[in-house]
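S.K.:
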Amino acid sequence: AQSVTQLDSQVPVFEEAPVELRCNYSSSVSVYLFWYVQYPNQGLQLLLKYLSGSTLVKGINGFEAEFNKSQTSFHLRKPSVHISDTAEYFCAVTPNQGGKLIFGQGTELSVKP
Amino acid sequence: DAGVTQSPTHLIKTRGQQVTLRCSPKSGHDTVSWYQQALGQGPQFIFQYYEEEERQRGNFPDRFSGHQFPNYSSELNVNALLLGDSALYLCASSEGTNTEAFFGQGTRLTVV
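Line order of the protein sequences matches chains A and B. Yeah, the first sequence ends on 120 if you go by the working numbering, and it's all consecutive. Yeah, the second sequence ends on 300 if you go by the working numbering, and it's all consecutive.
Shown next as structure tokens:
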């Protein structure tokens, strides 16, 4: 079975500051990893995904994430955040292509002016 | 391209009633998955449909059932509603074994 732990439930940060949202996972098999963003009263939008290859993955809106197999982590980073980045962020894994996604509890990113 | 569309956007039901939620996948997608997202939680996988059959199922009781139609649209049915079924229900579609799932806006179900 797989599980995902997002280490911070809330992350407050000032505008233009860097941010890191932490995600650890547990799995006995190889997995594919994802970060999704959810704006208030919206569905989920894919930010980026790691399937294979380079461990540094770049996504939309200036976000990037690094896959660390030894530490079973997939932390999300952005060098300079904007007010518009305020949202809920979810880390997810799946052991099978096209299979069910297992989500973390979410991290609420709050960007303040 | 309309993307994944879900209906209705909101609804209120009484305990013990039955509800049907609907999902139209993104154009070209043939696989539909349903998730339940309780307030303040991450989405939980309910089940996935492909070729009109349930391919995978999460840890949800039999009160939760689904269907996929030949045009790939899908329904989620919940019987004997409980207060704890109040949640945002998300539909996601994908193209076969493609790993990228596109999510709809969700249906907010409130059980009173």
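The beta-carbon is built from N, C-alpha and C at its ideal position, and this holds for glycine as well. These numbers come from a predicted model, not from an experiment.
Hey, VAL100/A and TYR43/A are a contact pair by Cβ (cut 8 Å); roughly how many whole angstroms apart?
M.R.: Numbered from 1 along the first sequence, position 93 holds the residue referred to as residue 100/A. Numbered from 1 along the first sequence, position 36 holds the residue referred to as residue 43/A. Going by Cβ atoms, the distance from VAL100/A to TYR43/A rounds to 12 Å, so no, they are not a contact pair.
S.K.: Measure the beta-carbon distance from LEU278/B to GLY50/A and round it to whole angstroms, keeping in mind my assumption that it falls under 8 Å.
M.R.: To locate residue 278/B, count along the second sequence from 1; it is residue 90. To locate residue 50/A, count along the first sequence from 1; it is residue 43. That belief holds up - the Cβ atoms of LEU278/B and GLY50/A are roughly 6 Å apart, short of 8 Å.
S.K.: Quick test of the definition: if touching needs 3 or more C-beta pairs under 8 Å, does the region 101-110 of chain A touch the region 191-203 of chain B?
M.R.: no
S.K.: Taking a cut of 8 Å between CB atoms, which residues from the region 49-61 of chain A lie near chain B?
M.R.: Shown in chain order are the members of the region 49-61 of chain A whose Cβ falls below 8 Å from a Cβ of chain B: GLN49, GLY50, LEU51, GLN52, LEU53, LYS56 and LEU58.
S.K.: Under 8 Å, with one C-beta from each stretch per pair, do the region 256-263 of chain B and the region 220-229 of chain B reach the 3-pair mark?
M.R.: Counting C-beta pairs closer than 8 Å gives three or more between the region 256-263 of chain B and the region 220-229 of chain B, which meets the contact rule.
S.K.: In angstroms with no decimal places, state the Cα-to-Cα distance between GLU71/A and THR114/A.
M.R.: Numbered from its first residue, the first sequence carries residue 71/A at position 64. Numbered from its first residue, the first sequence carries residue 114/A at position 107. Rounded to whole angstroms, GLU71/A to THR114/A spans 16 Å at the Cα level.
S.K.: Mind checking if SER262/B is an interface residue toward chain A, Cβ cutoff 8 Å exclusive?
M.R.: Within the second sequence, numbered from 1, the residue matching residue 262/B stands at position 74. Answer no: the Cβ-Cβ gap between SER262/B and chain A never drops below 8 Å.
S.K.: For the structure I just gave you, are there three or more beta carbon pairs, one from the region 57-69 of chain A and one from the region 203-214 of chain B, closer than 8 Å?
M.R.: no
S.K.: Rounded to whole angstroms, what is the Cα-Cα separation between GLY60/A and THR79/A?
M.R.: Residue mapping note: residue 60/A aligns to position 53 of the first sequence, counting from 1. Residue mapping note: residue 79/A aligns to position 72 of the first sequence, counting from 1. Rounded to the nearest whole angstrom, the C-alpha separation of GLY60/A and THR79/A is 16 Å.
S.K.: Could you say if the region 19-27 of chain A and the region 82-94 of chain A meet the contact criterion of at least three C-beta pairs nearer than 8 Å?
M.R.: yes
S.K.: On the DSSP bridge list, what partners appear for TYR46/A?
M.R.: If you number the first sequence from 1, residue 46/A lands on position 39. Under DSSP, TYR46/A forms no beta bridge with any residue.
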